[in-house]
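Okay, so the sequence shown: first residue is 6 according to our numbering, each after it adds one. The block underneath contains the structure these notes are about, expressed in structure tokens.
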Amino acid sequence: EKSIFEMILDKELESEIIYEDEDIFSIKDINPIAPVHLLIIPKKRINTINDVSEEDTLLIGKMVQVAKKLAKEYEINQSGYRLIFNTNDDGGQTVYHIHLHLIGGEKLKW
């Protein structure tokens with residue numbers, strides 16, 4: 006079964022892709038918790054962080070680099086932001102296709 010992110014990539018669901026390259030794409034979170042809340046998603050489906058393999062190391066690093074680029078583009082790189090991977094139910098993961106949350110644009114609590 007396809008993840009919601011695979012359906013977005015395959016144009017089966019509509020979503021504005023704000024960044025895309027050969028490995029990664031980014032969209033705005035549909036339930037933002039801050040003024041800037043973006044998802045950085047690998048095109049390769051990896052269900053959870055627990056499923057990341059050695060061969061995925063560069064991909065995970067590239068996700069962080071894309072987050073850094075988007076933080077600058079959205080002008081939150083100086084004020085600060087948070088990067089989060091949720092893993093499994095207790096970690097708050099709701100879509101089993103890893104994605105990195107980029108959250109900022111206000112003073113974050115927690």
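From the three backbone atoms N, C-alpha and C, an ideal C-beta is built for every residue, glycine too. Predicted model only: the values in this text are computed from it and were never measured.
Distance from the CA atom of K67 to the CA atom of I108, rounded to whole angstroms, is 17 Å.
Going by C-alpha positions, E111 is about 11 Å away from R87.
Residue range 105-109 is occupied by the beta strand (DSSP E) that includes G109. I46 and M12 have their alpha carbons spaced roughly 13 Å apart. Measuring C-alpha to C-alpha distances from L64 to each of E6, H104, E17 identifies H104 as the nearest.
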